[in-house]
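Inspection log for the structure reproduced underneath, given as structure tokens.
Number of protein chains: 4
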Amino acid sequence: MNEIQKDELMKALHDCMEACNRCFDECLKEDDVKMMEACIRIDRECADVCSFTEQAVSRDSPFLDEYLKTCVVVCKACADECGQHDHDHCQHCADMCKKCADVCERFIA
Amino acid sequence: MNEIQKDELMKALHDCMEACNRCFDECLKEDDVKMMEACIRIDRECADVCSFTEQAVSRDSPFLDEYLKTCVVVCKACADECGQHDHDHCQHCADMCKKCADVCERFIA
Amino acid sequence: MNEIQKDELMKALHDCMEACNRCFDECLKEDDVKMMEACIRIDRECADVCSFTEQAVSRDSPFLDEYLKTCVVVCKACADECGQHDHDHCQHCADMCKKCADVCERFIA
Amino acid sequence: MNEIQKDELMKALHDCMEACNRCFDECLKEDDVKMMEACIRIDRECADVCSFTEQAVSRDSPFLDEYLKTCVVVCKACADECGQHDHDHCQHCADMCKKCADVCERFIA
């Protein structure tokens, strides 16, 4: 993976983490917070996995394939959950998660 | 700090992280989840800070004092918030946070 | 997974993280530090993966199987590397990594 | 802090983390790795602190001031250590650490 590819991958992971944390924050402010329970849980999970993987990319981890595979699983699950809700932050988060999963899949060796 | 002291400190941090994550999980299952918003947020924050600090202790970080001071601030804030709710998981979490803050304070050089 | 099993799993992950961080620390103090390059790298990697997974166990993550599978891969690689060096800290680290990999494997659903 | 400011802060933290992890990686490849011992240790520490803080910014943590203060301390220490070595990766890391410390200081409330 060259530097441009690493930057692309880290940007996708960062943007996904940011969207997940925003969605987590906004979901907790919603009136129908009970309906957002699953969304809040998976937002946190996905943000943590993306943050971990972002740092792993920056240190050229030899286990990047393992981390990326996990990232794809969690990002897709988060996109599925968030995609069911009409809130803008959920729809944006679903988009970022799908994009991140796509980019991660492309970089799995 | 000797090995016994390190173990005591890591145990307090671990137990606090565990109590915070359990409280996070249980708060999201409550019917009155809207009332638990602040609790859910600070539970996540405190779990992350304790987890970070637990690993910093295990690697004898030269910045342990800084991390412990932050840990005390976050644990006390979490204890204050959780202590306001009657749920068993909140009361248990408040106890673990207070204990963790005490242990951390004792080990600040 | 019941509470006793969770504690067993978190203990194995914690002990492995601790052994990896100690090995990282001690390897950097060795005179033959150049020979320890691979060991230093994988110690850090394994400590980070175990720390992440320890917290995931405490929050009953639905993605625990994915994390545990990754943990097994990294712990086994760390055990292989550390097992090649005669230093006590390397041998101890290899033992803890093997044990952690065994415990993780047992809990993969 | 508005979105533009958050992006500026997260970028500084990300760039610093990346420079620290690159420096960690390159230091371990150097022939004079024994001389790089302190640099390797603080690179890891600083990368972890920046990564943690980057995520804290993205979730609008109420404890951001505490994290930023710690970040300033660790970034300055890393800049001091790396600045003593002539390797390009050390000089680049020192620059990124100084810049990150400056940006963090500006955002402490």
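If you're matching them up, the sequences are chains Z, G, V and A in order.
The first sequence begins at 191 in this note's numbering and counts up one residue at a time.
The second sequence begins at 191 in this note's numbering and counts up one residue at a time.
The third sequence begins at 191 in this note's numbering and counts up one residue at a time.
The fourth sequence begins at 191 in this note's numbering and counts up one residue at a time.
Ideal Cβ placement from N, Cα and C applies to all residues, glycine included.
Listed by chain order, chain G residues near residue i by CB distance under 7 Å
i	result
Z:L254	Per Cβ cutoff of 7 Å: no residues; Z:L254 is ~21 Å from chain G at best.
Neighbour flag for residue i against chain A, beta carbons, 8 Å
i	result
Z:N211	yes
Three-way DSSP call (helix, strand, coil) for residue i in this model
i	result
A:A299	coil
V:Q274	coil
Z:R231	helix
Z:S248	helix
G:D222	coil
V:F242	helix
Backbone CA spacing between residue i and residue j [nearest angstrom]
i	j	result
V:T260	Z:A299	16 Å
G:D197	V:C265	22 Å
G:C240	G:H204	7 Å
Z:D238	V:F253	12 Å
Z:E208	A:D270	31 Å
A:H275	V:H282	33 Å
G:D233	V:C294	26 Å
A:E227	G:V247	19 Å
A:A284	A:D221	20 Å
G:C268	G:C236	7 Å
A:C272	A:R212	12 Å
Z:H279	A:S251	18 Å
V:M191	V:D255	12 Å
Z:M286	A:A291	29 Å
A:C229	G:E216	43 Å
G:E193	G:R249	12 Å
V:F214	A:R231	9 Å
A:K288	V:K289	42 Å
V:M225	V:L258	30 Å
Z:F242	V:K201	21 Å
V:V263	A:L199	35 Å
G:F297	Z:Q195	44 Å
V:E244	Z:C206	23 Å
A:H277	G:L218	50 Å
G:V223	Z:C210	20 Å
Test: residue i CB closer than 8 Å to a CB of chain G
i	result
A:E220	no
V:D250	yes
Continuous alpha helix (DSSP H) stretch holding residue i: start and end
i	result
A:K201	193-219
Chain G residues whose Cβ lies nearer than 8 Å to that of residue i
i	result
Z:E244	Within chain G, no residue comes near Z:E244; the closest Cβ sits about 16 Å away, beyond 8 Å.
Chain V residues whose Cβ lies nearer than 8 Å to that of residue i
i	result
G:M207	Q245, S248
Minimum Cβ-Cβ distance from residue i to chain Z less than 8 Å
i	result
G:V223	yes
Partners in chain Z for residue i, counting only beta-carbon separations shorter than 7 Å
i	result
A:H204	H204
Within chain Z, partners of residue i - CB distance below 8 Å
i	result
G:E271	Result: empty, since nearest Cβ-Cβ is about 13 Å, beyond 8 Å.
Proximity test, Cβ basis, 8 Å: residue i and chain B
i	result
V:E227	Given the protein chain composition of this structure (Z, G, V and A), no chain B is represented.
Cross-chain neighbours of residue i in chain G, by beta carbon under 9 Å
i	result
Z:I232	None at all; the shortest Cβ gap to chain G is about 11 Å.
Chain V within 8 Å of residue i, Cβ atoms only
i	result
G:D215	yes
Z:V293	no
Under 9 Å from the C-beta of residue i: neighbouring residues of chain Z
i	result
V:E235	A246, R249, S251, P252, F253
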